[in-house]
Amino acid sequence: MTKLEELLCALKKKVIFIQTHNYPDQDALATAQGLKVLLEHYGKQAIVCYKGEIDKYNTIKMIELLQLDLLPADSIDFQDDDEIILVDCQHGNINVTDYSGMVVGCIDHHKLQDTSHYTFFDIRPNIGACATIIASYFYENKIPIDTLLATTLVYAIRMDTNMLTRSVSDTDLSLYCKLHKIANHQILRQLDTCTLRLQDLNTYYNAIANLRIYNSLALVDLGPNCSESIMGQIADFILTLREIDVIVTHSFRDNGVKFNVRSSRSELDACEIVRMALDTFGDGGGHNTMAAGFIPDVPNASVAQTISNITEERIIGYVCTIMNWPKRKRNKFRKFRQLLQL
Numbered sequence: 002m003t004k005l006e007e008l009l010c011a012l013k014k015k016v017i018f019i020q021t022h023n024y025p026d027q028d029a030l031a032t033a034q035g036l037k038v039l040l041e042h043y044g045k046q047a048i049v050c051y052k053g054e055i056d057k058y059n060t061i062k063m064i065e066l067l068q069l070d071l072l073p074a075d076s077i078d079f080q081d082d083d084e085i086i087l088v089d090c091q092h093g094n095i096n097v098t099d100y101s102g103m104v105v106g107c108i109d110h111h112k113l114q115d116t117s118h119y120t121f122f123d124i125r126p127n128i129g130a131c132a133t134i135i136a137s138y139f140y141e142n143k144i145p146i147d148t149l150l151a152t153t154l155v156y157a158i159r160m161d162t163n164m165l166t167r168s169v170s171d172t173d174l175s176l177y178c179k180l181h182k183i184a185n186h187q188i189l190r191q192l193d194t195c196t197l198r199l200q201d202l203n204t205y206y207n208a209i210a211n212l213r214i215y216n217s218l219a220l221v222d223l224g225p226n227c228s229e230s231i232m233g234q235i236a237d238f239i240l241t242l243r244e245i246d247v248i249v250t251h252s253f254r255d256n257g258v259k260f261n262v263r264s265s266r267s268e269l270d271a272c273e274i275v276r277m278a279l280d281t282f283g284d285g286g287g288h289n290t291m292a293a294g295f296i297p298d299v300p301n302a303s304v305a306q307t308i309s310n311i312t313e314e315r316i317i318g319y320v321c322t323i324m325n326w327p328k329r330k331r332n333k334f335r336k337f338r339q340l341l342q343l
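Sequence positions in the sequence shown follow this note's numbering and run 2 to 343.
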């Protein structure tokens, strides 16, 4: 059987809930939309749901232009016997809210975790975008893809692999080429030109002003209430600097501290960095090049600063050990303004 056929055999209900991780990105939404279309092709009713605010402008535009159908999970009255499929995430992750119902399936591309909760799972850590997995279901089962869905999947693959430059596999490239031929390129151009809002420039300004560098490790406190999407964008931007191999950003938001990690060095696994840094405080996960984490139940900014200081020291110690750097002295950090004066 194909993976899609295995999934269909695991489903008993007529109505299926497809749940993304909290604060879903383009890849999570595209994967959910593709799975919704597949299930409806086989006579199921599929409802895509998510927890948290979608605040990234091009994600909002994606939902509008590509006519994505989704609901806030908190607006749904889940029953204990409802069947839920997780996409672009795994059960037990701190960024996945646990609702009533049965998590019967999981489709993901992050590191394999405990699969005992699922009747069906398809978890492929070697794939760059979760949307690629869903695209493969269409081609393996000879199910047609319309232009709007092809555009949705193409955009997700582009975004999650940073324009096919990050963690991209042969499968990503092959399916991207097939989808690209039938995608709506006018919509893609519209999405490419709506990445930032004018107000986001202030966050970039503060990030640059607060950038601290130790050898090729960069740390940035983005202040309170920085959106998750901007955190990732800023991390990607700083990683383009020739002198930077690893960047860690954090922000106090949603009564906790959110972390974002990017790495361009194979020996410095972003997923391992965030898990090590947040150990006993919170949890995180992702890929070797990009990861995120969250420390919950932080009452105020003062406590957040204390916890952030501890996690930063852990990160510095870990990176120094892996890279065989000398241990940091208190005055060893260089700020961006200092670098400009050199």
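We put the beta carbon where it would ideally sit given N, CA and C, even for glycine.
Three-state secondary structure assigned by DSSP to residue i
i, result
"N310", "helix"
"N59", "helix"
"M232", "helix"
"V304", "helix"
"I124", "strand"
"P327", "coil"
"R243", "coil"
"F238", "helix"
"V97", "coil"
"C227", "coil"
"L343", "Annotation note: pLDDT 40 at L343 (below 50); position unreliable, coordinate value reported separately. Of the three classes helix, strand and coil, the one that applies to L343 here is coil, per DSSP."
Distance CB(residue i)-CB(residue j) smaller than 8 Å
i, j, result
"K62", "L199", "no"
"A293", "F260", "yes"
"Q68", "L149", "yes"
"K57", "V49", "no"
"M258", "I209", "Checking the sequence shown, residue 258 turns out to be Val, not Met. No, they are not a contact pair."
"L212", "I239", "yes"
"G129", "V169", "yes"
"T172", "S137", "yes"
"T152", "Q34", "no"
"I146", "L39", "no"
Residues near residue i in its chain [Cβ-Cβ closer than 7 Å; skip 5 each side]
i, result
"R125", "H110, I134"
"I323", "E268, L269"
"L9", "Y43"
"K112", "P126, C272, G286"
6 Å CB neighbourhood of residue i in its chain, flanking five on each side removed
i, result
"V105", "A11, E84, T120"
"G53", "N23, Y24"
"D246", "S217, S265, R266"
Distance between residue j and residue i (C-alpha atoms, nearest Å)
i, j, result
"A31", "I55", "14 Å"
"I274", "L197", "28 Å"
"Y215", "Q20", "39 Å"
"L218", "C321", "9 Å"
"L223", "L66", "30 Å"
"C227", "L71", "24 Å"
"Q234", "A157", "15 Å"
"V155", "S175", "11 Å"
"A278", "A236", "17 Å"
"R108", "L87", "At residue 108 the sequence reads Ile, which differs from the Arg that was named. Distance between the alpha carbons of I108 and L87 is about 6 Å."
"G93", "N289", "20 Å"
"M160", "D28", "7 Å"
"K4", "Q114", "19 Å"
Close beta carbons around residue i, own chain, < 8 Å, minus the five adjacent residues each side
i, result
"L343", "Per-residue confidence for L343 stands at a pLDDT of 40, beneath the threshold of 50, marking its modelled position as unreliable; the derived number appears in the next sentence. Around L343: no qualifying Cβ."
"Q80", "S101, G102"
Fill in: Length-filtered (3 minimum) beta strand (DSSP E) runs lying within the region 136 to 214
none
Discussion item. If we require 4 or more residues per run, which alpha helix (DSSP H) segments fall completely within the region 14 to 60?
Written reply: Here the runs fully enclosed are 27 to 42.
Worksheet entry | Contained beta strand (DSSP E) runs [length at least 3] in the region 57 to 93, N- to C-terminal order | Fully enclosed beta strand (DSSP E) runs of no fewer than 3 residues occupy 84 to 88 of the region 57 to 93, in order along the chain.
Worksheet item: Going along the chain, which unbroken runs of the beta strand (DSSP E) with 3 or more residues stay wholly within the region 245 to 273?
Response: 247 to 254, 257 to 264
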